[in-house]
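Comments concern the structure below.
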Amino acid sequence: MTDLINNLSLLEIPRGDADRGLLQLDMSLIYQAEGRISETRVANPATAAELTATFNEACNTATKYIAWIKYEILRARRNYDLAKATVIIDKLPEEAARMKEAGIKSNPDFREALISRDAECRQSKDIWDALEATKTFIEAKVKTFERSYWDAKENVKKATMASAVATSITANAGYPAPIQDNQVQTLGEPSYGSFIGKAKF
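Read in order, the letters of the sequence shown are residues -10 to 190 in our numbering.
Quick look at the structure:
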C-alpha cells in the first residue's frame, strides 16, 4: 500500500490506472478533527456548536474521499480483470501445452499460479488492494466522527440537565440561583417602605 504522508497532512495513494499518477488527499481537516475528539467529554453549550461543526465538516470531507476512492477501485478492478484475461487467452494455452508435454495436467490451480506470476496482474492487484485498504482507513474515520458528533451532543444535554437540577436544588434551599453564562447579574431595587413615616424624634 502506498500511503505516503507528506508534511503530516497530504495522503498519496495510487490511482486505478497506474499511468495517471498518485491521488492526493488533503487530510489536514480530518487530522484536526481527530485531535479534538477528547473535547467531547467536556462539551458544553458554549463550545458544542463549533465542535460539532468541525466533526461534521471532517465527516463530509472523508465521505467525499471515499467516493473518489471507490471510483479508483472500479478502475483498478477493471485493469486487473483485463490483465487476467490477457494471461488466460494469450499465455495459458501455450503454457498448458508445455505442461502437457511434461506430463502435467492443467487445472485451476495451474491457471491461478500463472496469473499470480504475471507482472501486470500483480501490479494491478496491488493497486486494487491498496485502494481497498485506504477506503477502510477513511471509512473508520467517518464512523469515529459520527460517534464524536453525537457524544458531544449527548454530553451537552447531560450538562444542561445537571445545571437545571443544580439550579432547582439551590432555589428550593432558599439560596439565590446560580448565575448562568448568558445572564447578567443586577442588583434589585432598594426597598424603604417599612421605615418611611415610622421614625420618632
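We put the CB at the ideal spot given by N, CA and C, even for glycine.
A quick note: this is a predicted structure, and the numbers were derived from the prediction, not measured.
Alpha carbons only, please: which of the options is nearest the one belonging to residue i?
| i | options | result |
| --- | --- | --- |
| Ala108 | Val145, Ala85, Glu143 and Asn68 | Asn68 |
| Glu143 | Ala37, Ser(-2) and Leu63 | Ala37 |
| Leu14 | Ala32, Ala56 and Asp8 | Ala56 |
| Gln21 | Ala35, Ala7, Cys48 and Ile116 | Cys48 |
| Ala42 | Thr29, Tyr54 and Lys53 | Thr29 |
| Pro97 | Leu81, Leu(-1) and Ala32 | Leu81 |
| Leu0 | Ala129, Asp118 and Thr123 | Thr123 |
| Glu101 | Ala74, Ala32 and Ser(-2) | Ala74 |
| Trp139 | Ile19, Phe44, Leu18 and Arg25 | Phe44 |
Which value, in whole angstroms, describes the spacing of the CA atoms of residue i and residue j?
| i | j | result |
| --- | --- | --- |
| Ser27 | Ala141 | 10 Å |
| Ser180 | Lys147 | Caution is warranted here: a pLDDT of 45 is assigned to Ser180, below 50, making its placement in the model unreliable, and no coordinate value can be reported. |
| Asp70 | Arg106 | 15 Å |
| Arg9 | Glu46 | 29 Å |
| Ile2 | Leu40 | 29 Å |
| Leu11 | Lys59 | 15 Å |
| Ser199 | Lys89 | Absent from the model: residue 199. The displayed extent of the chain is -10 to 190, so no value can be given. |
| Met16 | Ala7 | 22 Å |
| Ser(-2) | Glu23 | 12 Å |
| Ile78 | Ala129 | 40 Å |
| Leu18 | Leu63 | 27 Å |
| Arg25 | Thr125 | 22 Å |
| Phe99 | Ile93 | 10 Å |
| Glu135 | Asp118 | 26 Å |
Quick check on residue i: does DSSP put it in helix, strand or coil?
| i | result |
| --- | --- |
| Pro3 | strand |
| Asp15 | strand |
| Ile207 | Examination of residue 207 is not possible in this model, given that the chain is present from -10 through 190 alone. |
| Ser105 | helix |
| Ala85 | helix |
| Lys94 | coil |
| Ala74 | helix |
Should residue i and residue j be called a contact, given that it needs their Cβ atoms to be closer than 8 Å?
| i | j | result |
| --- | --- | --- |
| Leu120 | Val76 | no |
| Ser113 | Ala65 | yes |
| Val131 | Ala51 | yes |
| Ala248 | Cys110 | With the chain running from -10 to 190 in the structure shown, residue 248 is simply not present. |
| Tyr54 | Ile116 | no |
| Arg4 | Glu83 | no |
| Thr149 | Pro34 | yes |
Comparing the CB of residue i with every heavy atom of the ligand MG, is any distance shorter than 7 Å?
| i | result |
| --- | --- |
| Ala51 | The ligand MG is absent from the structure shown, which contains no ligands of any kind. |
Length-filtered (3 minimum) beta strand (DSSP E) runs lying within the stretch 111 to 149: The stretch 111 to 149 contains no whole beta strand (DSSP E) run of 3 or more residues.
field: Whole alpha helix (DSSP H) elements within the stretch 34 to 72, 4-residue minimum
entry: Taking 4 residues as the shortest admissible run, the stretch 34 to 72 contains no complete alpha helix (DSSP H) segment at all.
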